[in-house]
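J.:
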Amino acid sequence: MQTVEDFMREFLAAHVAEEERLLAVWKPFRERFFTPDCPWDNREGTLEMLQSEEIISIAPSESKASVITAATISSRSVPQKQHFRYHLTAAADHWLVWHVELECQNCKTHGDENCPICHGKHWL
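First residue of the sequence shown: 5, per this note's numbering; consecutive thereafter.
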């Protein structure tokens, strides 16, 4: 069985490659219908964010695993770290992603039960 870490490294690399492919396919469409500075649907910063994503922690079990990653989102005025939590399930000789959560940007690691967004769950 493939290790969780190997699966995630393969997944992250494939995610970057797929984004590069999509941007190449999308480029003629964007050039035909949008000005270069139009932000609508330009995917600005997506490739850079995916390239920056790295594994922070892995919590494996026999048939399930939880993996937390961090990526830098630089499309905002100040670059910020965004954490993701991937839930994996075993499938034959490899893993599959069955759910992905985002860290609450309002309360971050505090998990404040008064948070109007996550209500203390920390993940969305």
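Here a beta-carbon is modelled for each residue, glycine too, at the ideal position from N, C-alpha and C.
Taking DSSP as the reference, what is the three-state secondary structure of P32?
T.: Residue numbering aside, residue 32 sits at position 28 when the sequence shown is read from its first letter. Secondary structure of P32 (DSSP, three-state): helix.
J.: If you compare alpha carbons, which of V101, E22, L128 and H123 is closest to H87?
T.: Stepping through the sequence shown from its first residue, residue 87 is reached at position 83. Closest by alpha carbon: L128.
J.: Sorted by chain position, which residues of the same chain lie with C-beta nearer than 7 Å to P83's C-beta, five sequence neighbours on each side aside?
T.: As a working mapping, residue 83 is identified with position 79 in the sequence shown. If we look at P83 and ignore the five residues flanking it on each side, its Cβ neighbours are T76 and I77.
J.: Please go through the stretch 56-88 and give each complete beta strand (DSSP E) segment of 3 or more residues, from N-terminal end onward.
T.: 58-64 and 68-77
J.: Between V8 and L92, is the Cβ-Cβ spacing less than 8 Å?
T.: Locating residue 8 in the sequence shown gives position 4, where the first residue counts as 1. Locating residue 92 in the sequence shown gives position 88, where the first residue counts as 1. Yes. Within cutoff.
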